[in-house]
Amino acid sequence: MGRGIVEAGNHRVSTIWFLELYKLPKNGAGLAAKQMRRLPLPPMDDNDEAPTESADNSAPQDALPAAAVQYGVVLEGAEPFKFNENVNPTWRGQVLLNDGSIARAFIKDIPLRELANEVLAAAIGLRLGLPIPTPIVARAAKADLPATNIRLQDTEDHIVFASTAMPAGPVLQMIRDASDSLLPEIMSRVTKWDGLGTLYGFDTWIANIDRHRGNFLFGSADEVWLIDHGYSFTGPGWTPSDLRPEVSYTNRLADWVTPYLTQARKSELVVQAAGAPATISQPTLGGIVRANSVDRLLGNDLPALISFLRERVPYVPKQSTDALGLLI
6 MGRGIVEAGN HRVSTIWFLE LYKLPKNGAG LAAKQMRRLP LPPMDDNDEA PTESADNSAP
66 QDALPAAAVQ YGVVLEGAEP FKFNENVNPT WRGQVLLNDG SIARAFIKDI PLRELANEVL
126 AAAIGLRLGL PIPTPIVARA AKADLPATNI RLQDTEDHIV FASTAMPAGP VLQMIRDASD
186 SLLPEIMSRV TKWDGLGTLY GFDTWIANID RHRGNFLFGS ADEVWLIDHG YSFTGPGWTP
246 SDLRPEVSYT NRLADWVTPY LTQARKSELV VQAAGAPATI SQPTLGGIVR ANSVDRLLGN
306 DLPALISFLR ERVPYVPKQS TDALGLLI
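Following my numbering, the numbering of the sequence shown begins with 6 at its first residue and continues without gaps.
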């Protein structure tokens, strides 16, 4: 299989890391699991875009975290999915993963930078112990999915983002379907969730400006799932000049969760939020980037993002305090 080039707007990124690492077939229909064979990551060549700095995103090989992202190919039969006026074209379908298993997934056709945001934010969140569905980078044949954003040069195939489908529904839908009298009960489930403090810190740290009620899901027995991280790192189309660590970016939890928190609960959550970023060391952060191939997706913009995350850590306690409506 030849070396591919991703064309995404003005960006051209070599996909040798994707195509040769997993030897993805062109079409998912009728494939046997044995066709998906894991191979060693090939070295970058002169055609690959690489970060100009290595100190910020390097990590000892033995410290490399396990990859959060999986790779696969979209199978035929995906159906369009629409909820809450979702911005990007979305489908519900099946993806054949590189380990030979088949996952039910939500599949989104999104630009390259937004895809990188999804992968890195999910990997960081999972490292923090947050419940985020497995992120998947998948190849989609035109016959199986009419994607348009990230095309593989000299083919009609595209790369898309997917995440495993969970048996859960968004808080937004629960509120819409319930009577007004049930709203306090629904929000009580949110405010009592054990991971809420970490979520405040996580969203503050990665500058996720889109944690609305449609991106917070409840399953059975108060099981929580967090989705849609394409608007992290200040937004889906960020450039290095947008990444200002001292800026207090919008934390939407302040709009729909904070008003339902008691003062005592806020005091508990702020401690968890303030300490969340410190649980990931700089070498570990670099390892997360490498293990999930984010360095290959972001190229020369990666050092700016790593610096942003590193330099933003001291600002997380104060900004989380503000999002929780507490006075210092």
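All C-beta atoms, glycine included, are put in the ideal place defined by N, C-alpha and C.
Residues sharing a beta bridge with residue i, DSSP
| i | result |
| --- | --- |
| residue 174 | 223 |
| residue 112 | 96, 167 |
| residue 277 | In the DSSP output, where bridge partners are listed per residue, residue 277 has none listed. |
| residue 80 | Bridge partners of residue 80: none, in fact. |
| residue 141 | 75, 167 |
| residue 229 | 223 |
| residue 102 | 77 |
| residue 85 | 96 |
| residue 180 | Per DSSP, none; premise fails for residue 180. |
| residue 107 | 101 |
Residue i and residue j closer than 7 Å at C-beta
| i | j | result |
| --- | --- | --- |
| residue 239 | residue 281 | no |
| residue 73 | residue 131 | yes |
| residue 96 | residue 88 | no |
| residue 195 | residue 262 | yes |
| residue 251 | residue 149 | no |
| residue 275 | residue 203 | no |
| residue 231 | residue 137 | yes |
| residue 121 | residue 206 | no |
| residue 313 | residue 248 | yes |
| residue 141 | residue 75 | yes |
| residue 83 | residue 98 | yes |
| residue 233 | residue 220 | yes |
| residue 224 | residue 183 | no |
Own chain, CB closer than 6 Å to residue i, minus 5 neighbours either side, in chain order
| i | result |
| --- | --- |
| residue 324 | 209, 253 |
| residue 94 | 114 |
| residue 227 | 194 |
| residue 217 | 257 |
| residue 330 | 263 |
| residue 332 | none |
Own chain, CB closer than 7 Å to residue i, minus 5 neighbours either side, in chain order
| i | result |
| --- | --- |
| residue 270 | 196 |
| residue 306 | 245 |
| residue 235 | 115, 119, 122, 123, 241 |
| residue 370 | No statement about residue 370 is possible, as the shown extent of the chain runs from 6 to 333 and does not include it. |
| residue 303 | 121, 310 |
| residue 328 | 205, 209, 256, 258, 259, 263 |
| residue 192 | 265 |
| residue 317 | 210, 250 |
| residue 188 | 180 |
| residue 59 | With a pLDDT of only 39 at residue 59, under the threshold of 50, the placement of this residue in the model should not be trusted, and no figure is reported. |
| residue 287 | 315 |
| residue 3 | With the chain covering 6 to 333 only, the question about residue 3 has no answer from this structure. |
Same chain only: Cβ atoms within 8 Å of residue i, ignoring 5 sequence neighbours per side
| i | result |
| --- | --- |
| residue 285 | 129, 132, 133, 293 |
| residue 273 | 202 |
| residue 162 | 31, 144, 145, 146, 147, 156 |
| residue 51 | Unreliable positioning characterises residue 51 in this predicted model, as indicated by a pLDDT of 36, which lies under 50. The coordinate reading is nonetheless provided below. Cβ within range, chain order: n/a, list empty. |
Practice problem: Could you say if the stretch 261–273 and the stretch 129–149 meet the contact criterion of at least three C-beta pairs nearer than 8 Å? | Solution: no
Check your understanding: Would you call the stretch 246–264 and the stretch 213–227 in contact, with 3 or more CB pairs under 8 Å?
Key -> yes
Do the stretch 113–130 and the stretch 291–301 make contact, defined as three or more Cβ pairs closer than 8 Å? yes
Between the stretch 168–175 and the stretch 240–247, do at least 3 Cβ pairs fall closer than 8 Å? no
- Does the stretch 107–118 come close enough to the stretch 172–189 that 3 or more CB-CB pairs lie under 8 Å? no
*Where in the stretch 262–318 do unbroken runs of the beta strand (DSSP E), each at least 3 residues long, occur, reported from the N-terminal end onward?*
none
- Task: Let me know the alpha helix (DSSP H) ranges lying completely inside the stretch 186–224, each 4 residues or longer, listed in chain order.
- Result: 188–196, 201–210
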